[in-house]
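See below for the structure under consideration.
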Amino acid sequence: MTEAQDIVAIRQAVQDWAVWRDAGRWDRYATLWHSDGHMTATWFPGPQPIYEKDRLDPVAPDAVLGLDQARLRRWPEGYAHLAYLQEEAGFTVTDGLPGLTGAAVEHLYREGDAWLEGARSPWIRA
0 MTEAQDIVAI
10 RQAVQDWAVW
20 RDAGRWDRYA
30 TLWHSDGHMT
40 ATWFPGPQPI
50 YEKDRLDPVA
60 PDAVLGLDQA
70 RLRRWPEGYA
80 HLAYLQEEAG
90 FTVTDGLPGL
100 TGAAVEHLYR
110 EGDAWLEGAR
120 SPWIRA
């Protein structure tokens, strides 16, 4: 594969991952995982995502989630469940990531606006 073909394939996989995940198409979503059940991703130090949609969907229809609601409410709505699970797994979770509103997302939009006006991108290394 050429580098351009690699880029197209990666972009398509990322796009499909988000669409299939949000649509609940778990059969298609599973095709992006390794056969032993793990998935890895490496992100470049670019613009942060805006955390706007966060939920846990039990795979088994009769599953009941027993989450500590006080712990869950400690995190911003846009990534509360993700942060809860990461903290439960022993990871240090960054607080104050961009959601739909607030200082973090306003800062991200200001950087994007400045770039559109011709400023050097803080996300791209020269």
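Residue numbers (numbering that gives the first Met the number 0): 0 to 125.
Cβ atoms here follow ideal geometry from the backbone N, Cα and C, with glycine treated the same way.
Can you give the Cα-Cα distance for Q4 and Q11, rounded to whole angstroms?
Translated into the one-based positions of the sequence shown, residue 4 becomes position 5. Translated into the one-based positions of the sequence shown, residue 11 becomes position 12. For Q4 and Q11, the distance between alpha carbons rounds to 11 Å.
Can you list, in chain order, the residues of its chain whose CB lies under 7 Å from that of L81, leaving out five sequence neighbours each side?
Walking along the sequence shown from the start, residue 81 turns up at place 82. Counting only Cβ-Cβ distances below 7 Å, and skipping sequence neighbours, we find D53.
Under 8 Å: do the region 105-122 and the region 65-83 share three or more Cβ pairs, one atom per stretch?
no
Could you pull out every residue in the same chain whose Cβ sits closer than 6 Å to the Cβ of L71, ignoring the five residues on either side in sequence?
Within the sequence shown, numbered from 1, the residue matching residue 71 stands at position 72. Within the same chain, L71 has close Cβ partners A79, Y83.
Is it right to say P57 is buried, meaning 16 or more other beta carbons lie within 10 angstroms of its own, or is it exposed?
For the purposes of this step, residue 57 is taken as the residue at position 58 of the sequence shown. Within 10 angstroms of the beta-carbon of P57 lie fewer than 16 other beta-carbons, which makes it exposed.
For L96, name the three-state secondary structure that DSSP assigns.
Taking the sequence shown and counting its residues from 1, one reaches residue 96 at position 97. Residue state, collapsed to three classes: coil.
Going by DSSP in three states, G111 sits in which element: helix, strand or coil?
As a first step, residue 111 must be located in the sequence shown, where it is residue number 112. Note: G111 maps to helix in three-state DSSP.
Determine the direct distance from the alpha carbon of W114 to that of Q8, and round the result to whole angstroms.
To locate residue 8, count along the sequence shown from 1; it is residue 9. To locate residue 114, count along the sequence shown from 1; it is residue 115. In the sequence under discussion, the amino acid at residue 8 is Ala, which differs from the Gln named in the question. So the two alpha carbons sit approximately 27 Å from each other.
To the nearest angstrom, how far is the alpha carbon of F90 from that of T1?
The count along the sequence shown starts at 1 and reaches residue 90 at position 91. The count along the sequence shown starts at 1 and reaches residue 1 at position 2. Distance between the alpha carbons of F90 and T1: 37 Å.
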